[in-house]
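Line order of the protein sequences matches chains G and H. With the numbering used here applied, the first sequence closes on residue 423, and no number is skipped along the way. With the numbering used here applied, the second sequence closes on residue 1219, and no number is skipped along the way. Worksheet: one structure, shown below.
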Amino acid sequence: MSTHSPFGVNRLFAAGARATYRTHLATYGDLAPGSSRAELIPELERSGLIGRGGAGFPAAQKFGSVPRSGMSSLWRSSAIVIANGAEGEPRSLKDERLLRDAPHLVIDGLLAAAAVVHAGTMYLYTTAQSLPSVRRAISERDDARAIRVVEAPDTFISGEASAVVNAISNGVALPTDKTVRLTTSGLKQRPTLVQNVETLAHVALVARYGSAWFREVGSNRDPGTRLVTVSGAVPADRVLEVPGDTPVRDILRACGATDDDIAAVLVGGYHGAWLSGNDLSVGLSPAALASHGAHLGAGILYALAADQCGLRASAEIVRYLANESAQQCGPCMFGLPEMARLLERIASGDPDRRLARELASVSESVVGRGSCHHPNGTTRLVLSALDAFSPDVQAHLTGRCVRRAGR
Amino acid sequence: MAGTPNRYTLHIDWTKCDGRGLCTELIPDLLARDKWGYPIAKTGDPAARSNVAVPGSRLAAAGDAVDLCPLLALKLIAPTDAR
Ligand code: SF4
Ligand code: SF4
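If you want it as structure tokens, here you go:
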């Protein structure tokens, strides 16, 4: 155990803003050179680290799914690790913040991951805003020269794992049809591990200080810290590092919001679900949110002000999502614009009583029928809006909006 | 992912399918057409509708659909335990 281990909740940004390699090393100490597969994967398993990109998959399990490279296949089919910093969610700022302030933790995590799966090739994939800080960080150290940096376009879908692989190999950041896992056959048909940059930053800390240290913060079911981005009805958009399972209400209060200001909170981003104002004591962890039909996604909280119409806000999001469909898969290409149209009609006070049922039925029909989760995520948002704002749906049918007319 | 123990699945590549519905005529018991013409699995978990379970008795018909799909959007995937 190093004497350097940061104390408390301020882990990922312990080296301060725009940390140079020197301050990084002074803060965290050296990365134990070349942790082996046999050491780091069990340590990650004990840490309970859950991926921070959105899918919420245990990190150790994903590492473990990369096949061991045999001697004969070493030169031809060695694995590839990709640090994913595409962050397509418009309301997420955490990966950009991480790559600006703590790029060396991400690089450490990428190097550790590559050592574990014997990867011959490493990529860091991120948007234009983050390229300068990433390039500067790489140039500051000798062990990172092999990392290839690839720019991600600013689209919602560019960070989907198969889109990441497609972008790096063909320059097209669109999802592809998959019949095998990327960890079996991905970039250039080689086993490919795509990990979110925040996940890798935590890997760098577990590799240094171990799983017991990692679990000192957070809850049993969601150990460690998480980065969250809070926006909407708060004084200013903020990125916060919080213990896993922190109640949503506490996070909003830390951002200066009061309960009375908030009608509902969108959790998990545009593929997420609305939590009503009465449910804000729920912990921000995959397990706690699942019981509310929500998921954590990339750690996004968007607070809806008490006088804002949740149906209108949702309609705007669904219209955005329809426009961000990659237009490759029929049900997504035709279904999402129709969902947006129907929700817009409900939001604008169309008195047709069949609209909500029709919207639910179109939404359910697109689930599981695309090459990526875009239809599923959009449906989750629509169904949760119909549920969380059902009194508003009723009021809109009579031409009133309880939010704007009321308080 | 595709590949289920002890059962064949018919995988639909949505990036290729253009929804003219030939497959839904060949295996109407497995696939219906949605309002835009695209195939939609009649049974099974909605979230897994890109991989449609094929009973043994319908393997041959599903194979025909694979061969006749003009856009090569269909693929039969063997049970994982038979590989
Ligand atoms: S489901 Fe939609 S977003 Fe995903 S690949 Fe198909 S068309 Fe593109
Ligand atoms: S035959 Fe092929 S292209 Fe036509 S609807 Fe079926 S899967 Fe789609």
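Where a beta carbon is used, it is the ideal one built from N, C-alpha and C, also for glycine. Note that the structure is predicted; figures quoted are calculated from it, not measured.
Rounded to a whole number of angstroms, what is the C-alpha to C-alpha distance between Asp295(G) and Gly313(G)? Going by the C-alpha atoms only, they are around 18 Å apart.
Interfacial residues, the segment 381-392 of chain G to chain H, with Cβ spacing under 8 Å: Within the segment 381-392 of chain G, the qualifying residues are Ser381, Val383, Gly384, Arg385, Gly386, Ser387 and Asn392.
Is Ser301(G) closer than 8 Å to Arg237(G) when the C-beta atoms are compared? In contact: Arg237(G) and Ser301(G) (Cβ atoms closer than 8 Å).
C-beta atoms of Tyr37(G) and Arg224(G) nearer than 8 Å: Result no, Cβ atoms of Tyr37(G) and Arg224(G) do not sit closer than 8 Å.
Helix, strand or coil at Ala33(G) according to DSSP, with G and I counted as helix: Ala33(G) falls in the coil class under three-state DSSP.
What first and last residue would you give for the beta strand (DSSP E) that runs through Arg242(G)? Unbroken beta strand (DSSP E) run through Arg242(G): Thr241 to Gly248.
Would Thr1216(H) count as contacting chain G if we go by Cβ distances under 8 Å? At a cut-off of 8 Å, the C-beta of Thr1216(H) has no neighbouring C-beta in chain G.
Compute the minimum distance between the beta carbon of Cys417(G) and the heavy atoms of ligand 4, and state whether it is under 7 Å. Summarising the ligand content, the structure contains ligand 1 and ligand 2 and does not contain ligand 4.
In whole angstroms, give me the CA-to-CA distance for Arg53(G) and Asn186(G). Looking at the two C-alpha atoms, the distance is approximately 30 Å.
To the nearest angstrom, how far is the alpha carbon of Glu176(G) from that of Leu114(G)? Across the structure, Glu176(G) and Leu114(G) are spaced so that their CA atoms are roughly 19 Å apart.
Quick check: the Cα distance between Gly70(G) and Asp277(G), rounded to an integer number of angstroms? Distance from the CA of Gly70(G) to the CA of Asp277(G), rounded to the nearest whole angstrom, comes to 28 Å.
Exposure of Val13(G), with buried meaning 16 or more beta-carbon neighbours within 10 Å: The shown model of chain G, from 17 to 423, leaves out residue 13(G), and the question about it has no answer.
From the DSSP output, which residues share a beta bridge with Thr137(G)? Partner(s): Ile96(G).
Helix, strand or coil at His1147(H) according to DSSP, with G and I counted as helix: If DSSP states are grouped into helix, strand and coil, His1147(H) belongs with the strands.
Using a beta-carbon distance below 8 Å, is Tyr1174(H) in contact with chain G? So yes, Tyr1174(H) belongs to the interface.
How about Thr195(G) and Ile1176(H): do their beta carbons lie closer than 8 Å? No; because the gap between Cβ atoms is not below 8 Å, this pair is not in contact.
Once you ignore the five residues that flank Leu358(G) on each side, which residues in its own chain have a CB closer than 8 Å to its CB? For Leu358(G), same chain residues with a beta-carbon under 8 Å away, outside a window of 5 residues either side, are Leu371, Glu374, Leu375 and Val378 in chain order.
So what does DSSP say about Ile278(G), is it helix, strand or coil? Strand at Ile278(G).
Quick one: residues in its chain with C-beta nearer than 6 Å to the C-beta of Gly365(G), no 5 flanking neighbours on either side, listed in chain order? Closer than 6 Å at the Cβ level, and outside the excluded window around Gly365(G), lie His412 and Gly415.
Ligand 2 and Ala1210(H): does any heavy atom of the ligand fall closer than 7 Å to the residue's C-beta? Correcting the residue identity first, residue 1210(H) is Leu in this sequence and not Ala. Flag set: Cβ of Leu1210(H) near ligand 2.
Can you check which of these residues, Gly101(G), Cys388(G) and Leu402(G), is closest to Thr1151(H) by C-alpha distance? With distances taken between Cα atoms, Thr1151(H) lies closest to Cys388(G).
Using a threshold of 8 Å, state whether the C-beta atoms of Asp328(G) and Ala356(G) are closer than that. Looking at the sequence shown, residue 328(G) is not Asp but Arg. Going by C-beta atoms, Arg328(G) is not nearer than 8 Å to Ala356(G).
With 8 Å set as the bound, which would you pick, yes or no: does the beta-carbon of Pro347(G) sit closer than that to a beta-carbon of chain H? Yes, Pro347(G) counts as interfacial toward chain H.
With a cut-off of 8 Å on the beta carbons, I'd call Val82(G) and Ala95(G) a contact; round off their distance for me. 5 Å between Cβ atoms; contact.
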